[in-house]
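For the sequence shown, full-length UniProt numbering assigns the number 1 to the initial residue and increments by one for each residue that follows.
Worksheet: one structure, shown below.
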Amino acid sequence: MSADTIAYWNSIPLARPESEGISLKRARPEDDDESDDDISIVSRSPSPPPPDAMDVDKYDEYLQVAEREVITVNTKIKNTNKGFSMLAKMGWVEGKPLGLSSEGRVEPVPFYVKNDLTGLGKTNQDVRMIESTVSQRRELDSERQIKETEEQRLARENSVAKKAAVLSSLHYSASLLLRALR
């Protein structure tokens with residue numbers, strides 16, 4: 001760059017002076033009334049329905065078309081199907097498997113709809129996480145048992161024995177109740 005160009009760029013101030021009346025905001029007209037800013041845009045009373053309003057939930061009833069056919073995995077494709085006709089042109093016969101050796105599947109691969117919101121590998125990940133947590137817990141319990149005193153060991157064994165006694169009495173009571181109900 002030349003010395004003149006450098007001098008020109010250095011002469012430009014970095015900040016704009018405040019005295020200038022230049023504003024980046026849009027100018028408002030003088031007669032602009034700001035009192036209507038308090039009014040709610042949403043109406044507080046519901047609008048009446050139009051006289052020829054159609055219930056959205058009953059849309060299919062209003063249509064004058066044939067009812068849709070429910071297609072499942074067990075539904076055979078019709079011979080009017082484009083895929084069926086393409087396979088037939090290539091030599092496929094209904095009821096026989098695809099492939100040169102004719103040892104493939106005759107029926108489509110079965111599937112199930114996954115209704116939960118977890119990903120495909122989430123359940124396996126959860127199982128691995130639970131297994132690792134349980135193994136760590138067992139290691140910590142064994143370390144705690146090694147470090148415990150004789151009094152602590154006896155107290156722990158007594159509490160376990162009490163819990164087992166309560167459980168066995170509950171099982172016994174439940175079995176008596178079931179026998180009485182029969």
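Quick reminder that beta carbons are idealized off the backbone N, C-alpha and C, glycines included.
Does DSSP put residue i in a helix, a strand or coil?
i           : result
V56         : helix
W92         : coil
L117        : coil
I130        : helix
E139        : helix
residue 183 : Examination of residue 183 is not possible in this model, given that the chain is present from 1 through 182 alone.
R28         : coil
R105        : coil
G83         : helix
T149        : coil
I71         : coil
R156        : helix
Look at residue i and residue j and say whether their C-beta atoms are less than 8 Å apart.
i    : j    : result
V73  : P48  : no
G95  : V113 : no
L100 : W92  : no
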